[in-house]
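J.: One structure coming up, written as structure tokens, with questions to follow.
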Amino acid sequence: MSSHPVHGLPFLPGNTYRDPTKSIFHRSQTLTYRNGYSRPVLPTVGIGREPITVNQLSQAELDELANKRPTLTYGQVRQAPPSTFIPSYVAFDKKVLRFEGYFKETVPISQDEHYRVRKVSIYYYLEDDTISVVEPPVENSGIPQGTFIKRQRHPKNDNGDHYHWKDLNVGINITLYGRTLRLISCDRFTQDFLESEGIELNLPEEIPPDPYTEIRKEPNRTYTTPPDFDKLKQFLTMDRKVLRFFSLWDDSGSMFGEIRPVIIHYYLVDDTVEVREVHERNDGRDPFPVLMRRQRLPKSVKDLRDTFPKCVLEMSEQEVTEWYTPRDFMLGRHVTILGRKFFLYDCDAYTLDFYQEKLGVQDLTPADVTKPQEEEVTQEIPPYNGYGLLEDSLQNCLTLIPKPPKKDVIKMLENDHKVLRYAAALVSSASPRLRSPM
1 MSSHPVHGLP FLPGNTYRDP TKSIFHRSQT LTYRNGYSRP VLPTVGIGRE PITVNQLSQA
61 ELDELANKRP TLTYGQVRQA PPSTFIPSYV AFDKKVLRFE GYFKETVPIS QDEHYRVRKV
121 SIYYYLEDDT ISVVEPPVEN SGIPQGTFIK RQRHPKNDNG DHYHWKDLNV GINITLYGRT
181 LRLISCDRFT QDFLESEGIE LNLPEEIPPD PYTEIRKEPN RTYTTPPDFD KLKQFLTMDR
241 KVLRFFSLWD DSGSMFGEIR PVIIHYYLVD DTVEVREVHE RNDGRDPFPV LMRRQRLPKS
301 VKDLRDTFPK CVLEMSEQEV TEWYTPRDFM LGRHVTILGR KFFLYDCDAY TLDFYQEKLG
361 VQDLTPADVT KPQEEEVTQE IPPYNGYGLL EDSLQNCLTL IPKPPKKDVI KMLENDHKVL
421 RYAAALVSSA SPRLRSPM
């Protein structure tokens with residue numbers, strides 16, 4: 001056990017005592033390892049863990065060490081040797097920033113699409129600040145693909161500035177020679193490079209779908225939907241079935257025009273119309289009855305441009321938007337056929353039954369088109385004026401050039417020797433009495 005002298009007494013036998021709390025009496029370790037190297041350490045405690053004040057620094061010495069500058073102890077810090085100069089074309093050799101993007105191309109003359117979405121890849125070469133645009137190949141696109149814009153420096157504005165990698169980011173538009181490209185994403189190397197330079201990237205975007213490409217991706221139809229209207233069925237069911245209408249062609253508006261009766265035939269087998277003229281005896285017209293040959297009649301036509309040749313009389317189905325149907329022929333209405341107006345006033349019994357059974361039209365009342373009879377004007381003969389004979393005066397009333405009267409020989413022979421006798425009495429104005437006949 002460690003022994004200590006009593007305070008104030010000399011260190012002699014009998015003046016010491018043993019401390020029972022101390023049980024460690026080995027020497028302190030002075031050799032240690034630090035960072036893999038052996039080094040000596042001055043002991044701070046002795047036998048029995050008693051502090052050695054000789055090897056400990058005082059508070060004044062600690063304060064002095066804290067105030068000392070390292071340069072006074074260790075000297076000036078040596079600067080690192082300058083790195084070797086490396087040109088930019090060597091440092092950034094084969095380092096390329098890659099962006100994915102697209103642009104919309106207008107398709108002016110097409111019924112299937114109005115614009116086309118074309119995907120491109122934008123490559124920025126760090127060694128010389130050049131940009132190239134490459135369009136990836138698409139199968140059966142019909143567009144020349146590959147290098148869209150060759151590698152070169154692209155102007156950014158009218159001041160002579162060129163595009164730099166600091167101007168590029170995801171989710172922005174850049175204009176290269178009139179083409180507006182939309183950057184939607186980039187690769188991993190481009191992302192790490194821009195973030196290391198302090199550029200915060202925007203969120204990636206999705207490329208919009210191409211309308212024409214989406215149509216082409218749809219599966220082809222392996223069947224044809226049968227139409228509701230079958231021409232073969234119409235031919236088999238409507239053959240030799242004709243609607244007949246009696247109408248009037250009012251041509252009185254033209255010079256020497258008149259109202260002429262016609263018959264309109266509507267053939268249900270192919271929806272064609274024929275117009276036949278009704279001839280009367282001694283009407284002075286050609287005996288050919290067909291006024292308009294059998295054909296389909298257009299009801300409404302597209303507006304033709306001024307460049308359309310007017311001499312072309314044939315009209316195809318592309319110019320016609322609507323054709324005449326049986327519902328367009330109703331009694332009591334006017335129908336315009338090739339610029340002529342026809343008034344439908346009656347039809348036959350089959351046509352009447354067809355409209356009532358097939359079309360559900362019940363109000364088919366024939367129109368009265370008979371002309372009112374003109375009143376006969378009786379010729380009044382003026383009274384005899386006393387000039388000439390009675391027969392001569394009558395000839396002046398009958399003809400413009402009077403003819404000599406002819407004797408009625410038959411009347412003379414029948415009434416020969418026939419005399420009519422009358423009895424009369426003379427009445428005097430002075431005396432109202434009647435005198436008896438002699």
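Here the UniProt record's numbering is used: the first residue of the sequence shown is 1, the next is one more, and so on.
C-beta: ideal position from N, C-alpha, C; glycine also.
Reducing DSSP to helix, strand and coil, say where Thr224 ends up.
T.: coil
J.: Which class does Arg281 belong to by DSSP, given the choice of helix, strand or coil?
T.: coil
J.: Where do the N-terminal and C-terminal ends of the beta strand (DSSP E) with Tyr102 fall, by residue?
T.: 96-106
J.: Ile199 to Glu113, Cα distance in whole Å?
T.: 39 Å
J.: Are there 16 or more other CB atoms within 10 angstroms of the CB of residue 446, so buried, or fewer, so exposed?
T.: Within the shown structure, residues of the chain are numbered from 1 to 438, placing residue 446 beyond reach of any answer.
J.: The alpha helix (DSSP H) that contains Thr370, what's its start and end?
T.: Premise fails: Thr370 is in no alpha helix (DSSP H) and is neither H nor E.
J.: Are at least three pairs of beta-carbons, each pair with one atom in the segment 216-229 and one in the segment 182-196, less than 8 Å apart?
T.: The segment 216-229 and the segment 182-196 do not touch, with fewer than 3 CB-CB distances between them shorter than 8 Å.
J.: Provide the residue span of the beta strand (DSSP E) that contains Phe245, from first to last.
T.: 242-250
J.: Take Arg118 and list the residues in its own chain whose beta-carbon comes closer than 7 Å to its own, dropping the five residues that flank it on each side.
T.: Tyr102, Phe103, Glu105, Glu135
J.: If you draw a straight line from the C-alpha of Ile263 to the C-alpha of Thr224, how long is it?
T.: 41 Å
J.: How is the beta strand (DSSP E) around Asn173 delimited, first residue to last?
T.: Judged by DSSP secondary structure, Asn173 falls within the beta strand (DSSP E) whose first and last residues are 173-176.
J.: Along the chain, where does the alpha helix (DSSP H) containing Tyr212 start, and where does it finish?
T.: 211-217
J.: Assign Val409 to one of two classes, buried (16 or more other C-beta atoms within 10 Å of its C-beta) or exposed (fewer than that).
T.: exposed
J.: Note down, in chain order, each residue of its chain lying with its Cβ closer than 8 Å to the Cβ of Glu258, except the 5 sequence neighbours on either side.
T.: Asp251, Ser252
J.: Please state whether the Cβ-Cβ distance between Asp271 and Arg294 is less than 8 Å.
T.: Contact flag unset, no.
J.: Ordered along the chain, which non-local residues of its own chain (more than five positions away) have a Cβ less than 7 Å from that of Gln234?
T.: Val269
J.: Any chance the segment 123-141 sits against the segment 153-162, with 3 or more Cβ pairs inside 8 Å?
T.: yes
J.: Do three or more CB pairs link the segment 240-249 to the segment 331-351 at distances below 8 Å?
T.: yes
J.: Counting C-beta neighbours from all protein chains within 10 Å, is the total for Ile143 16 or more, i.e. buried, or is it exposed?
T.: Residue environment for Ile143: exposed (fewer than 16 other C-beta atoms within 10 angstroms of its C-beta).
J.: Going by DSSP, what residues sit across from Ile259 in a beta bridge?
T.: Asp250
J.: State the CB to CB distance for the pair Ser23 and Val45, rounded to an integer number of angstroms; the pair is presumed to be in contact (CB under 8 Å).
T.: Between Ser23 and Val45 the beta-carbon gap is near 14 Å, outside 8 Å, which marks them as no contact.
J.: Is Glu317 helix, strand or coil when you go by DSSP?
T.: coil
J.: Give every residue of the same chain whose Cβ lies closer than 7 Å to the Cβ of Pro298, excluding the five residues on either side of it in the sequence, and list them in chain order.
T.: Met315, Val320, Trp323
J.: Tyr355 to Leu236, Cα distance in whole Å?
T.: 20 Å
J.: Is Phe229 buried or exposed, if buried means 16 or more other CB atoms sit within 10 Å of its CB?
T.: Phe229 comes out exposed.
J.: Let me check one thing: in DSSP terms, what residues is Met292 bridge-paired to?
T.: DSSP lists Val275 as partners of Met292.
J.: How about Glu274 and His265: are their beta carbons less than 8 Å apart?
T.: Taking the C-beta atoms as reference points, His265 is found nearer than 8 Å to Glu274.
J.: Look at the alpha carbon of Asp363 and the alpha carbon of Cys397, and state the distance between them as a whole number of angstroms.
T.: The straight-line gap from Cα to Cα measures roughly 56 Å.
J.: Going by Cα to Cα distance, which pick from Glu197, Gln59, Met292, Gln318 is closest to Gly339?
T.: Met292
J.: Would you report the Cα separation of Asn169 and Cys186, rounded to the nearest angstrom?
T.: 9 Å
J.: In terms of residue numbering, what span does the beta strand (DSSP E) encompassing Thr147 cover?
T.: 146-152
J.: With DSSP run on the structure shown, which of helix, strand or coil describes Lys233?
T.: helix
J.: Note down the Cα distance separating Ala60 from Thr53, rounded to an integer number of angstroms.
T.: 14 Å
J.: For Phe354, does the three-state DSSP call read helix, strand or coil?
T.: helix
J.: Considering Val120, what are the terminal residues of the alpha helix (DSSP H) in which it resides?
T.: Counting along the chain, Val120 falls outside any alpha helix (DSSP H), though it belongs to the beta strand (DSSP E) covering 115-125.
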